[in-house]
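Per numbering that gives the first Met the number 0, the very first residue in the sequence shown carries number 0; after that it's consecutive. Let me begin by presenting the structure, written as structure tokens, before commenting on it.
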Amino acid sequence: MFPIYEVIFYIFAVILLGAAVMVILSRNPVRAILFLVLAFFASAVLWMMLQAEFLALVLIFVYVGAVMTLFLFVVMMLNIDLSKLREKFVRYLPFGILAMILLVGLTIYTVVPKHFPVGETYLQQYGPNYNNTQVMGTLLYTQYIFPFEVAGLILLVAIIAAISLAFYGRKSGTKTQKIADQLKANKQDRLRIIKMKAEI
């Protein structure tokens, strides 16, 4: 019998790894985002093979359909100075190399047969009445409720930090909204009716 599941898995696993590497190595930000979209699609296929349809559809609809599209338009509209990015890249290169060494070492330590027995791992098949959304929700809000709350707190801190870094203060000469003046506005002050003769 032809191993169709294994072939599909290895094809999309290679696509996922290649796209992830190209996200890091691409010099053009738009191409990096497009490679990230490809990585999301490959990940969604792998989730489908694990019968996690909810996660696969969320990955496509939410991340590819909304988040990555927003990133793509923002990057395309921004005027990015690549020379300044290269200067920052060279400045933080030692920290990047140290982080890469730590990540590779942690990955090697994790996937050794002692901690991750690959030979004993098989694709588990579930029955037609299996509901992965219910199982995931039950695990997420019972057994993993504390890591879930910590992840939400980390995302909140990241949002506040991103806003703080992107806000450079109010520029001079820009128009601002004055709520008090808007509330005082009425049609007698803002509307003027002019009578004009009809032209033939």
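In this text, a Cβ means the ideal position worked out from N, Cα and C, and glycines have one as well. As the structure is a computational prediction, the values presented were derived from the model and not from experiment.
Query, Result
"What three-state label does DSSP hand residue 209 in the structure shown?", "Residue 209 is absent from the structure shown; the chain starts at 0 and stops at 199."
"With DSSP run on the structure shown, which of helix, strand or coil describes residue 157?", "helix"
"What residues in its chain sit with their C-beta under 6 Å from that of residue 150, if we drop five residues either side in the sequence?", "none"
"Just verifying my parser: in three-state terms, what is the DSSP assignment at residue 187?", "helix"
"Quick test of the definition: if touching needs 3 or more C-beta pairs under 8 Å, does the segment 97 to 104 touch the segment 11 to 31?", "no"
"Whole angstroms are fine: how far does the CA of residue 174 sit from the CA of residue 180?", "13 Å"
"Is it true that the CB of residue 55 sits closer than 8 Å to the CB of residue 43?", "yes"
"Thinking C-beta only, is residue 53 closer than 8 Å to residue 132?", "yes"
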